[in-house]
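Student: Input: one structure, supplied below.
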Amino acid sequence: MLSISKRSVSLTGFFILFLFMGSSAVQAGTIDLFTSEKGEIKISGGTAHIPVMKDAAKLIMEHNRDIRISIAGGGSGVGIKQVGEGLVDIGNSGRKPTDDEIQKYGLKLFQWAIDGVGVVVNPKNPVKKLSTLQLTEIFSGKIVNWKALGGSDKPINVYTRDNSSGTREVFWEKALDKGEITDKANVVVSNGAMKTAVANDSYGIGYVSVGHMDKSTAPVILDGAEPTIDNVKNGSYKIARGLFSNTKGEPKGLVKKFIDFLFSPEGQELAAKNGFIPIK
Amino acid sequence: MNKTTIAETGFLGAAVLSASLAVLILIFMLALSFSLFKGGLFFTLLRTPWNPDHGLFGIYPMLAGTLSIVFLSLCWAFPLSLGASALISVIAPAGFAKFCKKTVQMLTGIPTVIYGFVGVFLLVPFIREMFASGSGMNILSASLMLSMVISPTMILIFTDTFESIPASYSAAADALGASPVQKFLYVILPYSRHGIFAGLILSVGRAMGDTLIALMLAGNAVAVPGSILDSARSLTAHIALVIAADFDSIEFKTIFAAGLVLYAFTAFIILLVRIIGRMGMKNR
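In the order they appear, the protein sequences are chains A and B. Using the numbering used here, count along the first sequence one by one with no gaps and you end on 436. Using the numbering used here, count along the second sequence one by one with no gaps and you end on 417.
Quick look at the structure:
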């Protein structure tokens, strides 16, 4: 499933790149910063960030072939750990690194977009509205049948993410209020894998980054608010988080330019194109 | 130095290097899980559940998950492999037997992730509809797919054993007018019991060490499985899922406990194969 998600991510990456290249070729801006640069940037961590990272990397590497940018997933925990230990230059996280982590590794945080985390079910499932209470009871294993929620008489299959996931962290804190997640829940390893799992399971329920939502899964209206970018923006949908790119110490040289690019109009446009809320 | 000495030194070096690697890995795991042995935490881990939010880091559910997936996959793979190798080496006409053997040889080369892929898109939906309960990611799905992964090797080992019976035995059975099936049941099978057992045990090792099939198909739930339709997590999948945890955390340390358990199992299995091999030699 890992490889499926990577593939679909890169496919969307390609597609969006084509859409975008037309407009960017004319108006050159921040990208010119990279003209005389040379070197390598290694990035890993949060799986929600990957589409934006890929698009940015493509643009920069197309512009200057002496620059190499490698992007890996692994989850927010991995990103923070690897950048802290100096294995990568930029470690992405879908949650704010803890004070401990910031102190221990001397991390500098750069939040360049806002993302929501939304509950998803299979499009065939008639249950598309839940209250926070119902959601907590589903994830803690108290409600085990869709019938109790007005659906068909079928057991609920709960999907969750592994413990290093920033998406899980935010969902667990803000949607479940740090409530129990049943030990019977299936565990998947990325936002992409979560989408595949729920898209294939008519009686499944899970949660993904709002930026990753598409027609393969159906968003669930939580306490009357639909998980859309607009609702996250106007504050009516509460389960939101920052997307962070972290460096060990103050970023320098090429890495600094990459971070600057994420905050430039072009970078912010990439974030918006991928379904996130730009910070500027 | 002549050619022979150079070759000998080269081979000796390679042997020492690979042998010391195995030992070094063991030492490395023991060193990193050392703090777990103090106070006997290691043995507590083997029988407690996993719930990091409540300070529980036991690997008992994963132990149960691994054992049930492996046992069940052998239940599917063993009869299948025995039948297939009987067909290849005894029953089928030469041309068809050769075709079957080539196909099986090709199957051994397919990467596990392909089996996992097929499992996610074909087997999991089928199991889900068939039993109308759960997500279809469960012990049954994982064990069925895992049996597909381990069968080819098992079939090849069995076939080799069946084909290695002395020609005089085979000729004697033919001379007495035995049918191929009779010859298989009364001559080849009893003669090959050690080879069969060795093949079976090697497959246990392979099944236990596989990560991807369980990770993709078993569902990875941390509850102790109560039925074959329950989602479960294997030790290998557990390591893959937890490796992202903070290096200093207890979570991270406990995956060395999981690694040690796997190492011990594998060592035990290899020992068993050796003993059986020696017994087989004596009996002949």
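A virtual CB, placed ideally from N, CA and C, is assigned to each residue, including glycine.
Classify Ile216 (chain A): buried if its beta carbon has 16 or more other beta carbons within 10 angstroms, exposed otherwise.
Tutor: By 1-based counting over the first sequence, the position of residue 216 (chain A) is 60. Counting Cβ neighbours within 10 Å, Ile216 (chain A) comes out buried, since at least 16 surround it.
Student: So, using beta-carbon positions, are Ile395 (chain A) and Phe295 (chain A) closer together than 9 Å?
Tutor: On the first sequence, residue 395 (chain A) is found 239 positions in, with the first residue counted as 1. On the first sequence, residue 295 (chain A) is found 139 positions in, with the first residue counted as 1. No.
Student: Closer than 9 Å between beta carbons: that is the criterion. Which residues of the stretch 332 to 343 of chain A meet it against chain B?
Tutor: Cβ contacts with chain B come from Lys334, Glu336, Ile337, Thr338, Asp339, Lys340, Ala341, Asn342 and Val343.
Student: Residues of chain A with CB closer than 7 Å to the CB of Ser367 (chain B), please, in chain order.
Tutor: Mapped onto the second sequence, residue 367 (chain B) falls at position 234. None at all; the shortest Cβ gap to chain A is about 12 Å.
Student: Measure the alpha-carbon distance for Ala306 (chain B) versus Leu273 (chain B) and round it to whole angstroms.
Tutor: Numbered from its first residue, the second sequence carries residue 306 (chain B) at position 173. Numbered from its first residue, the second sequence carries residue 273 (chain B) at position 140. When rounded, the distance between both Cα atoms is 41 Å.
Student: Can you pull the chain A neighbours of Met270 (chain B), defined as C-beta to C-beta under 7 Å?
Tutor: On the second sequence, residue 270 (chain B) is found 137 positions in, with the first residue counted as 1. Simply Asn342.
Student: I think Met83 (chain B) touches Val257 (chain B), with their Cβ atoms under 8 Å apart; what is that distance to the nearest whole Å?
Tutor: Since the first residue of chain B shown is 134 and the last is 417, residue 83 (chain B) is not available in this structure.
Student: Residues of the stretch 295 to 327 of chain A in Cβ contact with chain B at a cutoff of 7 Å, in chain order, please.
Tutor: Cβ contacts with chain B: Pro311, Asn313, Asp318, Asn319 and Ser320.
Student: By Cβ distance, which residues of its chain are closer than 7 Å to Thr168 (chain A), with the 5 residues on each side in sequence left out?
Tutor: Numbered from 1 along the first sequence, position 12 holds the residue referred to as residue 168 (chain A). Note on Thr168 (chain A): pLDDT 44, under 50, position unreliable in the model; no value is reported.
Student: Taking 9 Å as the threshold (beta carbon to beta carbon), is Val345 (chain A) in contact with chain B?
Tutor: Residue numbering aside, residue 345 (chain A) sits at position 189 when the first sequence is read from its first letter. Yes - at least one Cβ of chain B is within 9 Å of the one on Val345 (chain A).
Student: To which residues does DSSP link Leu286 (chain A) through a beta bridge?
Tutor: For this step, residue 286 (chain A) is matched to residue 130 along the first sequence. A:Leu378.
Student: Please classify Phe432 (chain A): does DSSP put it in a helix, a strand, or coil?
Tutor: Taking the first residue of the first sequence as 1, we reach residue 432 (chain A) at position 276. The answer is coil: DSSP assigns Phe432 (chain A) none of H, G, I, E or B.
Student: Could you please give me the residues that DSSP links to Val276 (chain A) through a beta bridge?
Tutor: For the purposes of this step, residue 276 (chain A) is taken as the residue at position 120 of the first sequence. BP columns for Val276 (chain A) point to A:Gly362 and A:Pro375.
Student: If the cut is a Cβ gap below 9 Å, which residues of chain A does Leu374 (chain B) touch?
Tutor: Taking the first residue of the second sequence as 1, we reach residue 374 (chain B) at position 241. Asp318, Asn319, Ser320, Val343 and Val345, listed in chain order.
Student: Consult DSSP for Leu399 (chain A) and reduce its assignment to one of helix, strand or coil.
Tutor: The residue labelled residue 399 (chain A) in the question sits at position 243 within the first sequence. Leu399 (chain A) falls in the strand class under three-state DSSP.
Student: Checking 9 Å against the spacing of the C-beta atoms, do Met341 (chain B) and Ile402 (chain B) come in under that value?
Tutor: Along the second sequence, one-based indexing puts residue 341 (chain B) at 208. Along the second sequence, one-based indexing puts residue 402 (chain B) at 269. Cβ atoms of Met341 (chain B) and Ile402 (chain B): closer than 9 Å.
Student: In terms of residues, what are the limits of the alpha helix (DSSP H) holding Arg339 (chain B)?
Tutor: By 1-based counting over the second sequence, the position of residue 339 (chain B) is 206. Element bounds for Arg339 (chain B): Arg326 to Gly342.
Student: Under 8 Å between beta-carbons, which chain A residues line up against Pro258 (chain B)? List them in chain order, please.
Tutor: Indexing the second sequence from 1 puts residue 258 (chain B) at position 125. Correct list: Asn356.
Student: Is the number of C-beta pairs between the stretch 350 to 370 of chain B and the stretch 308 to 316 of chain B that are closer than 8 Å three or more?
Tutor: No, the stretch 350 to 370 of chain B does not touch the stretch 308 to 316 of chain B.
Student: Would Leu426 (chain A) pass as a contact of Ala212 (chain A) if the rule is Cβ separation under 9 Å?
Tutor: Taking the first residue of the first sequence as position 1, residue 426 (chain A) is located at position 270. Taking the first residue of the first sequence as position 1, residue 212 (chain A) is located at position 56. Yes. Within cutoff.
Student: Considering only the beta carbon of each residue, do Leu189 (chain A) and Asp416 (chain A) sit closer than 9 Å?
Tutor: Against the first sequence, residue 189 (chain A) aligns to sequence position 33. Against the first sequence, residue 416 (chain A) aligns to sequence position 260. Cβ atoms of Leu189 (chain A) and Asp416 (chain A): closer than 9 Å.
Student: With a threshold of 9 Å between beta carbons, is Gly360 (chain A) in contact with chain E?
Tutor: Absent from the structure: chain E. Protein chains present are A and B.
Student: My understanding is that Tyr363 (chain A) touches Trp302 (chain A), with C-beta atoms under 8 Å, so please give their C-beta distance in whole angstroms.
Tutor: Translated into positions along the first sequence, residue 363 (chain A) becomes position 207. Translated into positions along the first sequence, residue 302 (chain A) becomes position 146. With 8 Å as the limit, Tyr363 (chain A) and Trp302 (chain A) do not qualify as a contact, their Cβ atoms being about 17 Å apart.
Student: Along the chain, where does the beta strand (DSSP E) that runs through Ile197 (chain A) open and close?
Tutor: Numbered from 1 along the first sequence, position 41 holds the residue referred to as residue 197 (chain A). Counting along the chain, the beta strand (DSSP E) containing Ile197 (chain A) begins and ends at Gly195 to Gly201.
Student: Quick one: what does DSSP say Met412 (chain B) is sitting in, helix, strand or coil?
Tutor: Translated into the one-based positions of the second sequence, residue 412 (chain B) becomes position 279. The answer is helix: DSSP assigns Met412 (chain B) an H, G or I state.
Student: Return the CA-CA distance between Phe266 (chain A) and Ser401 (chain A), expressed in angstroms with no decimal places.
Tutor: For this step, residue 266 (chain A) is matched to residue 110 along the first sequence. For this step, residue 401 (chain A) is matched to residue 245 along the first sequence. About 5 Å.
Student: Are Ile385 (chain A) and Gly431 (chain A) closer than 9 Å when you measure CB to CB?
Tutor: Translated into positions along the first sequence, residue 385 (chain A) becomes position 229. Translated into positions along the first sequence, residue 431 (chain A) becomes position 275. Their beta carbons are under 9 Å apart, which means Ile385 (chain A) touches Gly431 (chain A) by this criterion.
Student: With a 10 Å radius around its C-beta and 16 neighbouring C-beta atoms as the bar for buried, classify Gln238 (chain A) as buried or exposed.
Tutor: Against the first sequence, residue 238 (chain A) aligns to sequence position 82. Label assigned to Gln238 (chain A): buried.
Student: Report the neighbours of Gly392 (chain B) on chain A: residues whose CB is nearer than 8 Å to its CB, in chain order.
Tutor: Stepping through the second sequence from its first residue, residue 392 (chain B) is reached at position 259. Correct list: empty, because the minimum Cβ distance to chain A is about 18 Å.
Student: Pair every Cβ in the stretch 327 to 339 of chain B with every Cβ in the stretch 156 to 164 of chain B, then say whether three or more of these pairs are closer than 8 Å.
Tutor: As far as the Cβ criterion goes, the stretch 327 to 339 of chain B does not touch the stretch 156 to 164 of chain B, which means the pair count is below three.
Student: Who are the near neighbours of Gln183 (chain A) in its chain, counting only those whose CB is closer than 6 Å to its CB and skipping five residues on each side?
Tutor: The residue given as residue 183 (chain A) occupies position 27 in the first sequence. Note on Gln183 (chain A): pLDDT 47, under 50, position unreliable in the model; the coordinate value appears next. Excluding sequence neighbours, Gln183 (chain A) sits near nothing in its chain.
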